[in-house]
Amino acid sequence: MATETFEFQVEARQLLQMVIHSIYSNKDVFLRELVSNASDALDKLRLAALRGEVTGADVSDLHVELTADPDARTLTVRDNGIGMTHDEVIQLIGTIANSGTAKFVQELQGAKDGDPTAAEGLIGQFGVGFYSSFMVADEVVLVTRKAGEESGTRWASSGEGSYTLEDVEDAPQGTSVTLKLRPADTEDQLHDYTAEWKIREIVKRYSDFITYPIRLAAAAPAEGEEAAEPQTLNSMKALWARSKDEATEEEYQELYRHLSHDWTAPLETIRLQAEGTFEFQALLFLPARAPHDLYTQGATRGIQLYVKRVFVMDDCEALMPPYLRFVKGVVDAADLSLNVSREILQQDRQIQLIRRRLAKKVLSTVKELQANSPEKYADFWREFGRVLKEGLLGDTENRDTILAVSSFASTHDPEKPTTLKQYLERMPEGQEHVYYLTGESRQAIEHSPHLEAFRAKGIEVLLLTDPVDEVWVDAVPAFEGKELRSVAKGEIDLDATGEAEQGEEQKEQRQQEFAGLLTWMTEQLGEQVKEVRLSTRLTVSPACVVSDTHDATPALEAMYRAMGQ
Ligand code: ADP
Ligand code: MG
Numbered sequence: 012m013a014t015e016t017f018e019f020q021v022e023a024r025q026l027l028q029m030v031i032h033s034i035y036s037n038k039d040v041f042l043r044e045l046v047s048n049a050s051d052a053l054d055k056l057r058l059a060a061l062r063g064e065v066t067g068a069d070v071s072d073l074h075v076e077l078t079a080d081p082d083a084r085t086l087t088v089r090d091n092g093i094g095m096t097h098d099e100v101i102q103l104i105g106t107i108a109n110s111g112t113a114k115f116v117q118e119l120q121g122a123k124d125g126d127p128t129a130a131e132g133l134i135g136q137f138g139v140g141f142y143s144s145f146m147v148a149d150e151v152v153l154v155t156r157k158a159g160e161e162s163g164t165r166w167a168s169s170g171e172g173s174y175t176l177e178d179v180e181d182a183p184q185g186t187s188v189t190l191k192l193r194p195a196d197t198e199d200q201l202h203d204y205t206a207e208w209k210i211r212e213i214v215k216r217y218s219d220f221i222t223y224p225i226r227l228a229a230a231a232p233a234e235g236e237e238a239a240e241p242q243t244l245n246s247m248k249a250l251w252a253r254s255k256d257e258a259t260e261e262e263y264q265e266l267y268r269h270l271s272h273d274w275t276a277p278l279e280t281i282r283l284q285a286e287g288t289f290e291f292q293a294l295l296f297l298p299a300r301a302p303h304d305l306y307t308q309g310a311t312r313g314i315q316l317y318v319k320r321v322f323v324m325d326d327c328e329a330l331m332p333p334y335l336r337f338v339k340g341v342v343d344a345a346d347l348s349l350n351v352s353r354e355i356l357q358q359d360r361q362i363q364l365i366r367r368r369l370a371k372k373v374l375s376t377v378k379e380l381q382a383n384s385p386e387k388y389a390d391f392w393r394e395f396g397r398v399l400k401e402g403l404l405g406d407t408e409n410r411d412t413i414l415a416v417s418s419f420a421s422t423h424d425p426e427k428p429t430t431l432k433q434y435l436e437r438m439p440e441g442q443e444h445v446y447y448l449t450g451e452s453r454q455a456i457e458h459s460p461h462l463e464a465f466r467a468k469g470i471e472v473l474l475l476t477d478p479v480d481e482v483w484v485d486a487v488p489a490f491e492g493k494e495l496r497s498v499a500k501g502e503i504d505l506d507a508t509g510e511a512e513q514g515e516e517q518k519e520q521r522q523q524e525f526a527g528l529l530t531w532m533t534e535q536l537g538e539q540v541k542e543v544r545l546s547t548r549l550t551v552s553p554a555c556v557v558s559d560t561h562d563a564t565p566a567l568e569a570m571y572r573a574m575g576q
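Residue numbers for the sequence shown follow the numbering used here, so the first one is 12 and each next one is one higher.
Set out below in structure tokens:
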């Protein structure tokens, strides 16, 4: 069949341009990306075969093979995994599937012009993957055949505006990617990637934990000699199954990158090995930064499920409560069926128990950070605090822990967030409640008339400005026995704080004094208010609008309106 030429999708082309005019200083990583894709393809095939979803596929020796040809200056990465159909090649290689990416590429372009390291960080958030080949190659040829299908597809491009596609009859199962390497250039950190030592070094550094053999094909034999056996370059030992001293921090970071496509080192690594009835091992990571799709419905989550070292599923939402959706990692359970479906997982008792253990472990890790690494904790809270607070609504079992690890802006110190515990410690004698005010932004509420009397009396108020704050404050009655009270709701009796004593008599008298005004105002405002009453909460402003204790706050009303309710 004839060769067809296709244009890259606009965003894909922009991304490619940036990759070629390299944002990465370290070009070695292209091989990691290709091996990572190969490993994913092997995972997919093994699983499909186990589930009986493919017929006629060969799964007897799943592996990755690297072949270098110094004379032709080519390097080939081949896997005998799931492969791609003609349409999948167009879909997966010619476009950037993620809808948020177009915007991202723009940001990237901006960052690149300004600060190259920022660009590197940004790009790491979604990983350029396959396209990184073009950092080291003038031309890339991909030949693939989907497992179980008859014919294959050849894709080729020099990374400019277009690529070509061709049907091929004799392609082996899986995918091979052949790079026509650019000449080595030390200044540009472009190594000779046909050199055996270099290939060995890169695989060892970045891909040692890959659970399939990565073999280096032997060089062509000299006349009259036998071809040597290919050598396996990686140890294949799953990191989570190793003991702590059998793995280095670097190796953990590489696994994290493989899982998350995030190039920034994780903030914290969490190991958990549970023995007994429900045996499982987990290796979890708290990222250093929130991903751009943290609030996107249906965005991928970060936990991979393995059963006895066999990959079973990506993005396993059953293993983490939604408010910990940013946690990345691997869970390897001993007694699960490889055939398990997402629906079954949601119901599975063992999975539910594992999820509880994991959630507790993550929260206790945050607690440790808070106690022992205040800076790390502050970073964590800045990135993920908003999400974590969602847990105050759903996870009643861990509510107290979540409250304890939460930080809030406060009138006490505009520069520094406070914990509830610190708030309680500062609470003066006689103050019974923890006061807060919710609103859209700190600026908006700092000048709220609701705060006047509190400020005048030196009573600390928490300033809650995340949308989720509107909701959880209603679900959480108290912290360590102290009720949480909005300063904008119901009747606030500041007299109870012991300051500014105001006798009942005096109150009565003022009530009478203002009775006429109150009646008049009630008539004027009519339907718009429930009641007009005399207040002790203001010192400077003449009046303010308050909600009933159980009414929605204005911000929450706005949120409901926005949601069309
Ligand atoms: P990512 O791996 O983050 O999805 P890549 O750019 O590395 O992004 O790859 C894009 C997609 O192309 C992959 O998700 C996969 O579907 C497909 N792909 C890439 N390499 C292979 C391969 N060796 N075998 C099968 N599919 C592949
Ligand atoms: Mg990839």
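For every residue, glycine included, the Cβ atom is placed at its ideal position computed from N, Cα and C. Remember, it's a predicted structure, so these values are computed and weren't measured experimentally.
Cβ-based burial, residue i [other Cβ within 10 Å; buried from 16]
| i | result |
| --- | --- |
| Ile-314 | buried |
| Gln-523 | exposed |
| Arg-226 | buried |
| Pro-232 | exposed |
| Asn-350 | exposed |
| Ser-271 | buried |
| Glu-394 | buried |
| Glu-512 | Any reading at Glu-512 must be qualified, since the residue scores a pLDDT of 47, below 50, and its modelled position is unreliable; the value itself is stated next. Per the 10 Å Cβ criterion, exposed. |
| Gly-94 | buried |
| Gln-357 | exposed |
| Val-479 | buried |
| Leu-56 | buried |
| Ser-352 | exposed |
| Leu-250 | buried |
| Gly-170 | buried |
| Ile-355 | exposed |
| His-461 | buried |
| Val-151 | buried |
Under 8 Å between C-beta atoms of residue i and residue j
| i | j | result |
| --- | --- | --- |
| Ala-370 | Leu-335 | yes |
| Tyr-223 | Ser-50 | yes |
| Gly-185 | Ala-52 | yes |
| Pro-277 | Gln-264 | yes |
| Ile-365 | Leu-399 | no |
| Ser-375 | Gly-396 | no |
| Val-46 | Val-100 | no |
| Leu-404 | Ala-310 | no |
| Thr-205 | Leu-86 | yes |
| Thr-530 | Ser-497 | no |
| Asp-203 | Asn-245 | no |
| Lys-378 | Leu-283 | no |
| Met-247 | Ile-281 | no |
| Val-318 | Leu-347 | yes |
| Ala-23 | Gly-105 | yes |
Residue closest to residue i, alpha-carbon to alpha-carbon, out of the options
| i | options | result |
| --- | --- | --- |
| Leu-431 | Ala-310, Leu-474 and Asp-304 | Leu-474 |
| Ala-212 | His-444, Tyr-223 and Thr-243 | According to the sequence shown, residue 212 is Glu rather than Ala. Comparing Cα-Cα distances from Glu-212 to each of His-444, Tyr-223 and Thr-243, the minimum goes to Thr-243. |
| Ala-499 | Pro-478, Ala-182 and Ala-464 | Ala-464 |
| Ile-210 | Phe-395, Val-75 and Ala-79 | Ala-79 |
| Glu-180 | Arg-156, Ala-301 and Val-321 | Arg-156 |
| Phe-289 | Ala-344, Thr-259, Ile-93 and His-202 | Ala-344 |
| Ser-452 | Ala-252, Ala-195, Ala-420 and Glu-426 | Ala-420 |
| Asp-325 | Gly-340, Pro-332 and Pro-333 | Gly-340 |
| Lys-191 | Pro-460, Leu-153, Phe-220 and Arg-216 | Leu-153 |
| Asp-178 | Arg-89, Thr-85, Ala-239 and Thr-16 | Thr-16 |
| Arg-300 | Leu-283, Glu-279 and Ala-285 | Glu-279 |
| Asp-273 | Glu-262, Val-479, Pro-194 and Pro-298 | Pro-298 |
| Leu-103 | Tyr-204, Glu-538 and Asn-48 | Asn-48 |
| Ile-107 | Phe-19, Ala-60, Glu-354 and Glu-519 | Phe-19 |
| Val-342 | Ala-229, Arg-466, Gln-357 and Phe-322 | Phe-322 |
| Phe-490 | Thr-407, Asp-149, Val-214 and Glu-457 | Thr-407 |
| Pro-439 | Gly-469, Asp-359 and Lys-215 | Gly-469 |
| Thr-275 | Leu-294, Lys-255, Pro-302 and Arg-253 | Pro-302 |
| Asp-11 | Gly-235, Val-484, Pro-194 and Leu-495 | A question about residue 11 goes unanswered here, because the residues of the chain that appear run from 12 up to 576. |
Residue i at chain B interface by Cβ criterion, 8 Å
| i | result |
| --- | --- |
| Asp-219 | Going by chain labels, chain B is absent from the structure shown, which holds only one protein chain. |
>> I'd like the ranges of any beta strand (DSSP E) spanning at least 3 consecutive residues and lying wholly in the region 149-182.
In response: 163-168 and 173-179
>> Pairs of beta-carbons, one from the region 18-29 and one from the region 63-70, closer than 8 Å: are there three or more?
In response: No, because fewer than three Cβ pairs between the region 18-29 and the region 63-70 fall closer than 8 Å, the two stretches do not touch.
>> Any contact between the region 195-209 and the region 37-47? By contact I mean 3 or more CB pairs, one from each, below 8 Å.
In response: yes
>> Does the contact criterion of 3 or more C-beta pairs under 8 Å hold for the region 441-458 versus the region 467-483?
In response: yes
>> If contact is defined by three or more beta carbon pairs under 8 Å, each pair taking one atom from either stretch, is the region 158-167 in contact with the region 192-202?
In response: Counting C-beta pairs with one atom in each stretch, the region 192-202 and the region 158-167 have fewer than three that are closer than 8 Å, which means they do not touch.
> What are the complete beta strand (DSSP E) segments, minimum 3 residues, inside the region 268-356?
Replying inline: 279-285, 291-297, 313-318, 321-324 and 339-344
> Hey, which unbroken runs of the beta strand (DSSP E) at 3 residues or more fall wholly within the region 420-460?
Replying inline: When DSSP assignments are scanned along the region 420-460, the uninterrupted stretches of beta strand (DSSP E) that are 3 or more residues long and fall wholly within it turn out to be 445-449.
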